[in-house]
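Student: One structure, pasted below without further comment.
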Amino acid sequence: MGLLTWLLGACSGDPQKAGDLFVAEATAALEAVPDVVTSNVVYTDPGGMGATVTVRVTASPTADLLTVLDNSLKAFSAASSTLKPLSPVYFYVFPDGSVENGIRPDVLGLRQSPTVEEIRKYAGGG
4 MGLLTWLLGA
14 CSGDPQKAGD
24 LFVAEATAAL
34 EAVPDVVTSN
44 VVYTDPGGMG
54 ATVTVRVTAS
64 PTADLLTVLD
74 NSLKAFSAAS
84 STLKPLSPVY
94 FYVFPDGSVE
104 NGIRPDVLGL
114 RQSPTVEEIR
124 KYAGGG
């Protein structure tokens with residue numbers, strides 16, 4: 004009976020509401036990073052399939068993209084406490100007005116699309 008109660012309680016949480024809260028927190032954290040012009044965070048949880056996160060960060064045209072990426076990954080990590088560790092993150096940082104000239108986490112030694120856990124470890128929080 005206790006297990007059934009726990010399962011029902013775990014299923015009653017609204018993953019989309021949790022995702023909306025994460026998006027708001029992550030957006031605020033990313034946009035506080037120096038040289039970030041804007042960010043777009045999308046949390047997708049198709050239910051049972053596992054959530055994915057897409058992050059696009061627009062940097063100042065004169066910014067050092069490696070620094071912006073590094074600081075953005077750390078800001079994302081700090082805002083990711085509600086995310087499951089194995090969720091993939093599609094992260095892209097590019098200069099304002101030049102979307103085709105962006106970089107991904109692989110330039111910092113991570114996979115091109117790391118998991119939340121890998122980003123946390125990179126940021127020193129995992």
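So in this note's numbering, spot 81 of the sequence shown is number 84, and the numbers just go up one at a time.
Note that the Cβ used here is the ideal one computed from N, Cα and C, for glycine as well.
Can you pull the DSSP bridge partners for residue 95?
Tutor: Answer is 59, bridged to residue 95.
Student: Report the partner residues of residue 46 according to the DSSP bridge assignment.
Tutor: The partner list for residue 46 (beta bridge, DSSP) reads 56.
Student: How long is the line joining the alpha carbons of residue 103 and residue 21, rounded to whole angstroms?
Tutor: If I take the Cα positions, the gap works out to 32 Å.
Student: Buried or exposed: which applies to residue 43, given that a residue is buried once 16 or more other Cβ atoms fall within 10 Å of its Cβ?
Tutor: Classification for residue 43: exposed.
Student: Where residue 115 and residue 34 are concerned, what is the direct C-alpha to C-alpha distance, given to the nearest angstrom?
Tutor: So the two alpha carbons sit approximately 22 Å from each other.
Student: Let me know the secondary structure DSSP gives residue 70 once reduced to three states.
Tutor: Three-state DSSP puts residue 70 in a helix.
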